[in-house]
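Residue numbers (our numbering), protein chains in the order written: chain V, 1169 to 1959; chain G, 1169 to 1959.
Here a beta-carbon is modelled for each residue, glycine too, at the ideal position from N, C-alpha and C.
Input: a single structure, listed below in structure tokens.
Number of protein chains: 2
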Amino acid sequence: MQRVPLASHQLALMDKYWRASNYLSVGQIYLHNNPLLTRPLALDDVKRILLGHWGTTPGQNFIYVHLNRIIKQYDLSMIFISGPGHGGPAVVSQTYLEGSYSEIYPEISQDAAGLQKLFKQFSFPGGIPSHASPECPGSIHEGGELGYSLSHAFGAVFDNPELIAACVIGDGEAETGPLATAWHSNKFLNPVSDGVVLPILHLNGYKIANPTILARIGGEELEQLLRGYGWQPIFVAGSDPKSMHEAMALALDQAVHEIKDIKAKAAQQGAFERPRWPMIVLKSPKGWTGPKTVDGVPIEGTFHSHQVPISSPAAHPEHLPLLEEWLRSYRPEELFDENGRLLEALAELAPKGNRRMGANPHANGGLLLKPLAMPDFKEFACDVPNHGVMGIGDTHVLGPFLRDVVALNPDNFRVFGPDETISNGLVALFDTTQRQWMGANDSNDEHLGPRGRVMEMLSEHQCQGWLEGYLLTGRHGLFNCYEAFIHIIDSMFNQHAKWLKVAGQLPWRPKIASLNYLLASHVWRQDHNGFSHQDPGFIDHVVNKKSSIARVYLPPDANCLLSVMDHCLRSRHYVNVVIAGKHAAPQWLDKEAAAEHCAAGIGIWPWASNLDQAQSADVVMACCGDVPTLETLAAVSILREALPTLKIQVVNVVDLMKLQAEYEHPHGLSDHAFDALFTTDKPVIFAFHAYPSLIHKLTYQRTNHSNIHVHGYHEEGTITTAFDMTVLNKIDRFHLVMDAIDRLPQTGEKGRALKQALTDKLTEHRLYINEFGEDMPEIREWRWSCDNAEQ
Amino acid sequence: MQRVPLASHQLALMDKYWRASNYLSVGQIYLHNNPLLTRPLALDDVKRILLGHWGTTPGQNFIYVHLNRIIKQYDLSMIFISGPGHGGPAVVSQTYLEGSYSEIYPEISQDAAGLQKLFKQFSFPGGIPSHASPECPGSIHEGGELGYSLSHAFGAVFDNPELIAACVIGDGEAETGPLATAWHSNKFLNPVSDGVVLPILHLNGYKIANPTILARIGGEELEQLLRGYGWQPIFVAGSDPKSMHEAMALALDQAVHEIKDIKAKAAQQGAFERPRWPMIVLKSPKGWTGPKTVDGVPIEGTFHSHQVPISSPAAHPEHLPLLEEWLRSYRPEELFDENGRLLEALAELAPKGNRRMGANPHANGGLLLKPLAMPDFKEFACDVPNHGVMGIGDTHVLGPFLRDVVALNPDNFRVFGPDETISNGLVALFDTTQRQWMGANDSNDEHLGPRGRVMEMLSEHQCQGWLEGYLLTGRHGLFNCYEAFIHIIDSMFNQHAKWLKVAGQLPWRPKIASLNYLLASHVWRQDHNGFSHQDPGFIDHVVNKKSSIARVYLPPDANCLLSVMDHCLRSRHYVNVVIAGKHAAPQWLDKEAAAEHCAAGIGIWPWASNLDQAQSADVVMACCGDVPTLETLAAVSILREALPTLKIQVVNVVDLMKLQAEYEHPHGLSDHAFDALFTTDKPVIFAFHAYPSLIHKLTYQRTNHSNIHVHGYHEEGTITTAFDMTVLNKIDRFHLVMDAIDRLPQTGEKGRALKQALTDKLTEHRLYINEFGEDMPEIREWRWSCDNAEQ
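Structure below.
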């Protein structure tokens, strides 16, 4: 196809549309009243407090207007991702002009009254922030925290072969680590079965008060960098609107044609070669079309245009005419009719219906969400003929279940992880799928292919960002990760949880699938890693977020893991954190018991306890997590053998949030139910997977709280055996028993003797492990053998 | 200078040295006994449990041997940073061979007995992990979590003009975001006053089970990428040892000459142009020199060589001869004498004394640490003629103090931040220094220069990594950041805190300067940001780490901030988190009172309380953080006016860890001291800066815990005024008073009336803010005016 410059009258119309959007953007920052400047600007027309960000806005408006043109011309399905910080005025102006804003918010109507409200709400208390927040139609990316736009864009187009995600990347944002590695996502994109990401690197030269790196390395280095990342950059640079419109239109035509060529060629050939996708580099002045100077300070093209270029006319009366001049420079009277509606000739430039980027359903994923086709998890359960039978590793049991979820949902579910999927015990996935990989291949590679459902890149940021984009556009997924290193995405989790909270309050945004974490390779197994790989604190971080969003599960064995994961994959609009082991470990519950236990989330294990219904316990031995459950049951068996008259109640916690008060978390137990499990006055020895203080934080209001004694991770550990890790942190069976004895004076002489014996045992353990480097046979070979005869 | 290939006999010796180090590396993974293979390998000689990582090791050994050669030849001061995961066997072998290991650990002697211990401790319970952990001489970078090697390398060489940090970067690690952006650090390096980073990108092709991106994009794209990042790559590729030795020696000669040329030219010209520094790309097989195949599976050059290539001979007897063959392929009898000491001719290849990379004092920064020259913080204090006088913004008072710290320590102290230094109120720094910047300049830039002490890149990872490298090599610094976004480096904080814990237990590693965070732009001021910028949870994350490391300060005003920062900058081996405001806010304490209050860390404010020494309080109004202090004092003044007979004790907390039990944190108050502040039975209304549960977590064991009612951040907020943020989260003065009344039935009718009045006030507030977008005048203009007449 031939590249023909657009007719100048069309470019002139586009320039008017751009002026209209810039006018609305300045209006949002400044105007309280007189939205169409139908009378001279008065002090009273200006907001009392001036907030917001101008710098990035005109460039993003420029891009949006040009994208509208190619959407119409080529009938594209496109979404807009606003990566630079504070592009809110642009996306709000654009979705207002195209009409999608007023459809969702009818009170922000397409007339003078609506305009006035549009202006007022911006950066106004209780109004809308200066980012592309969930309230903004067409957005899947807020961008308050920078660096994730390109990852979100890729996540959005995976398995959406008709979709193009136009992703504006700020040159500030481009300095972040997550963005710097996200360019490499093109090695994972299938040109046949996936859609397309069109990055538009927006070089406006400055961050808040600094130049940006990419704007200052020169065109040659920048081109090398982008080509080195595997892209084909098309450069558009300048400040004269007319020539910039021409150049941008040509660049986008070129990009569309290259995209179509790549897609066509790939469809013919299959998708065996990684293409060099086009991208745009747009270099335009920061604060473009804004005031050149204010009070003698240069504004346009400098970092001084970052926020509000003309400060308060109330404090500086000479600023009022400057502001009026700036606003009138867009000639609103040529753009809007007397009622404040965009002129029909201009409105015609926007795409129609769902082609409008503010109305594309891909940017409101809940609209498109299909439930997963789910296999029956019980068919994957392991046999548990007796409590404590040795398993193969809990995540290894989960693997075949996830394999079948993948098989049943070939275009709707992906598994993400930083090259730990096999290490985390999920190798069964590769029975049915591969790792998605468009890079070069080598004969020694395994499980790589151009249509894999497993996404592995050694970047937790990338895994998280891709998954978020995939979920936000209405699909399902799972992130599997080492427990310690999931902290790498703490801040991305924050932003996603915040997005979910706000989106959940918007009736026009239906719920999306939950973000599911499977944290295997956890703190208690450090056989060949060490202290650097130990941190169970992600759940502390998660529970700080809204209780309507945060869910934490610690299944004690494989069948419980299956049940929990089945629940999580069916759930909506949560963040589910599931912590599970991958090493061979004892199994406690058969599939029916597991389903029942997980549905309750917490419960007494009567077979492990030694009291009848009618009896009351002397002590509660509670546990949460696979290793704590093992150590607790081993402690219980020591206690039951040595002190048979002691009445022990064993409580296992799967759903951590059951512990919190019912008015603090929807899963929280009533005080009555809690007391039935933990008593109101008996000692509770609680073995917990993570930092002990989390249990105190969740239970501090409970009746018996002062008797809850939590054992957990204390930042003690090195490279050592699984059991020794528990000893170093005093969560092993021996320390649990010794603690129980300390809390139970009635155990008397027998208790004291037992404690001494266990102290000796710990010494023996230390000597043995120092000598042989493995645990004593009695530890390795211990099996539960004392079910309650009553049960 | 001419590049002359090394004499072949020298290369032959280097090859032997390499073989020796590879032999020791395999020995660490496998051998329990028979360390010199003086007799045939028996099953008993092999460790029972085989752990560790071979894949990256031979390549790192190769690099180290070649670096030793250039260190000697050019008399370089160089440190070695082992970026790829699990390079432990290499750095341990190398430091053992050069003698630095045995100097620190004399029991690991340079003989057969020492070798046996060296082998046994590796990946053995309680031994050393498979990374370059703190226990390893010459290391400043553990690399358990990947991605920070290059940032650490740059941090190490800032202000160390004679130092070269040789930084091995794994091709897996290179996929992480932090590493991907760290390449751009060359824009911040001054070739005159800073040292040099020599990156060695090690392409061994595979991560755990996947190919790496950079190994599969082809040489042309890779060269473009690295040149685009601003480097001059020198490629060395192959697998034949002889030709690889020749190529690597030539490449390193070339790199040294280019470095010397750049440094010489820069010294002549000043440092106005950013040079293109050399770097090495080493492409060698993963698991180089290891077994080609095992059980028919290819090993060398594939991901199967990642961990232990030959699995247990105990379980697979046919593996024993394979292992012996592999070990003997290095011909240990040609390398070590009969006592197990490296032959003299080989030992000669290592540098001497502190030129050995395991002994370079820069890698043990405490050895070089000089105390900061400190100005008297009291000279920067603001006048506080009466309690509650309006200040200019607390960090704005801190700015001149930090400015003088910079001026007094021109080569020993830097301030890091992601372009927020001015935004965070520290503009005074630019009175005396600039932002370090070697990029191109523009006439509109401000405060940029080639020798600035302020390091700004829009990457929190980069700021943190640079600062860590700077501190670990014995200097001082401060990271200023928005509070919400410091979560971006949660996981880097973890790793640094873990490093400090372990290093603190090693007598040969003297303490280093603390890592100081200044978190301004905090959760309570969202005037022009919004929900995405709100997260006060970093301190929750920090207090999970060892109490010997973690310190958290929330100064209530500017003079307290000065006192706290003075303390932090003088402290050693901690992580200090300081949270402070930047907006104009009331000031409470003059410089003497502030110093006294901060030294205590917590205390009653008698002037704000209304009880005599002899009286006991009816209620404690406690506060921690600047905004909570303001709201608490406003609440106290409402209570004192409306209910003058109520006896109120006001407690302010600066040092958060004072709240924890004394046996849990060295700063913790005794129960007696705590009870004196918080009573044993009276209601405590506690206004806290962050998530309320943190206070419960710290105080759950205190006598009066059940009466402590905490107000804090509840994930409620949007873009709004400072006061409205407190209302949305119910930590404002009105909610505090209403809560107090609820806890004080004795306030009776008067209390109920006050509560009703405040409910009405909150309605009025909501109406006012919706109308005008700012707080009611009575809020804006409120000033404390009711000092206790008794004081």
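Inter-residue Cα distance where the pair is residue i and residue j
| i | j | result |
| --- | --- | --- |
| G/T1470 | G/L1495 | 20 Å |
| G/Q1959 | G/R1911 | Note that G/Q1959 scores a pLDDT of 43, beneath 50, so its modelled location is shaky; the value from the coordinates is reported in the next line. Rounded to the nearest angstrom, the two C-alpha atoms are 27 Å apart. |
| V/G1195 | V/E1310 | 21 Å |
| G/G1255 | G/N1229 | 9 Å |
| V/A1575 | V/P1568 | 10 Å |
| G/M1169 | G/H1425 | Because the pLDDT at G/M1169 is just 46, under 50, the model does not fix this residue reliably, and the point stays unresolved. |
| G/R1499 | G/L1199 | 16 Å |
| V/I1272 | V/L1517 | 21 Å |
| G/A1258 | V/C1792 | 39 Å |
| V/S1659 | G/I1656 | 5 Å |
| G/V1360 | G/F1584 | 20 Å |
| G/A1333 | G/H1629 | 19 Å |
Distance between beta carbons of residue j and residue i, contact taken as under 8 Å
| i | j | result |
| --- | --- | --- |
| G/G1556 | G/W1756 | 7 Å |
| G/G1620 | G/S1319 | About 18 Å; that fails the 8 Å criterion. |
| G/K1355 | V/I1381 | 6 Å |
For residue i, three-class secondary structure by DSSP
| i | result |
| --- | --- |
| G/T1461 | strand |
| V/E1946 | helix |
| G/Q1630 | helix |
| G/K1451 | strand |
| G/D1123 | There is simply no residue 1123 of chain G to check, as chain G begins at 1169 and stops at 1959 in what is shown. |
| G/V1360 | coil |
| V/H1200 | coil |
| V/C1728 | helix |
Spatially closest choice to residue i from the options, by CA coordinates
| i | options | result |
| --- | --- | --- |
| V/L1640 | V/A1681, V/H1615 and V/H1629 | V/A1681 |
| G/M1412 | G/P1443, G/R1951 and G/V1449 | G/V1449 |
| G/K1112 | G/L1729, G/Q1914 and G/L1926 | Nothing about residue 1112 of chain G can be reported from this structure: the residues present for chain G run from 1169 to 1959 only. |
| G/R1643 | G/E1271, G/G1534 and G/K1865 | G/G1534 |
| G/P1529 | G/F1504, G/E1330, G/S1591 and G/P1568 | G/E1330 |
| V/T1931 | V/E1949, V/N1956, V/G1919 and V/H1903 | V/H1903 |
| G/P1481 | G/G1294, G/W1952, G/R1216 and G/E1883 | G/R1216 |
| V/A1748 | V/D1339, V/G1227 and V/S1591 | V/S1591 |
| G/R1571 | G/R1384, G/D1734 and G/L1244 | G/D1734 |
| G/N1697 | V/L1174, V/W1399 and V/P1293 | V/P1293 |
| G/P1578 | G/I1231, G/V1595 and G/Q1604 | G/Q1604 |
| V/V1670 | V/G1919, V/L1179, V/K1714 and V/A1281 | V/K1714 |
Chain V within 9 Å of residue i, Cβ atoms only
| i | result |
| --- | --- |
| G/W1605 | yes |
| G/V1670 | yes |
| G/A1608 | yes |
| G/I1590 | yes |
| G/L1390 | yes |
| G/A1324 | no |
Cutoff 9 Å: residue i Cβ touching any chain G Cβ
| i | result |
| --- | --- |
| V/R1395 | yes |
| V/H1873 | yes |
| V/Q1630 | yes |
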